[in-house]
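See structure below.
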Amino acid sequence: MEAEVVQSELLGILRSIRTEVRLLKLHVDRDIGPLLAQSAHDTPFRHIFPLDDDQFPIYRAFLPKLGLIDDRVRNQIVEAYGAAQSFVSTFRYHNMLLERTILAEEVATLSNTVESITKAKQHLQGLRVYSNSLRASLEAAMNAAAALLATLPPDPAD
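Going by my numbering, the first residue of the sequence shown is number 27, and it counts up by one from there.
What follows is the structure, given as structure tokens:
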């Protein structure tokens, strides 16, 4: 009887994680993904997106229970959430770089000095390079999410 309860709880955990990953993936596919896909490689991505402090509340809630999950599945869960967290961190840094670039461009426009124009160009170059990292980070996170969704048990609610 106790084994059945544990199995039922594990299934609930896995289905909850599946739901969170599926919803996060849908959000990215709907909002951020198309904009990043439309921006060419080696071009600055000029969009700021707000990011919650805790993007993964279900995962965090079940962290103490991960040790009960099969090693292969647990490793995929940790890898997928690690890739997703890396993307969130990359996007936070991108937002900060874009804000600094916009400010430098505004200063260059207002002051029109060689120094301010040079600084704005440097910020834009840094944003351009980092935008490629953002695209790569998103691709890694989406691939990890797709692999995890293929592994997790289906949820009848899906």
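Using N, Cα and C, we set each Cβ at its ideal position, and we do this for glycine too.
Worksheet item: From what residue to what residue does the alpha helix (DSSP H) around A183 run?
Response: Note, A183: premise wrong, no alpha helix (DSSP H); not H, not E.
Worksheet item: Which residues in the same chain as I84 place their Cβ atom closer than 8 Å to its Cβ, once the five residues preceding and following it in sequence are excluded?
Response: S42, I43, T45, E46
Worksheet item: Helix or strand or just coil, what does DSSP make of F113?
Response: helix
Worksheet item: If you run the structure through DSSP and keep just helix, strand and coil, what is P76?
Response: coil
Item to complete: Check whether the segment 56-68 touches the segment 131-147, taking contact to mean three or more Cβ pairs, one atom from each stretch, closer than 8 Å.
Response: no
Worksheet entry | Simplified DSSP assignment, three categories, for T127 | helix
Discussion item. Can you give me the C-alpha to C-alpha distance between Q81 and V140, rounded to a whole angstrom?
Written reply: 42 Å
Practice prompt. Would you check if there are 3 or more beta carbon pairs closer than 8 Å linking the segment 150-170 to the segment 111-131?
Written response: yes
Worksheet item: From which residue to which residue does the alpha helix (DSSP H) around V151 run?
Response: Note that residue 151 is Gln in the sequence shown, not Val. 140-177 is the extent of the alpha helix (DSSP H) around Q151.
Discussion item. Only counting the same chain, and skipping five residues up and downstream in sequence, which positions put a Cβ closer than 8 Å to that of L37?
Written reply: P179
Worksheet item: Apart from the five residues on each side of it in sequence, which residues of its chain come closer than 7 Å, Cβ to Cβ, to F117?
Response: F75, L77, L160
Worksheet item: What does a CB cutoff of less than 6 Å around A106 pick up in its chain, not counting 5 residues either side in sequence?
Response: A170, A171, L174
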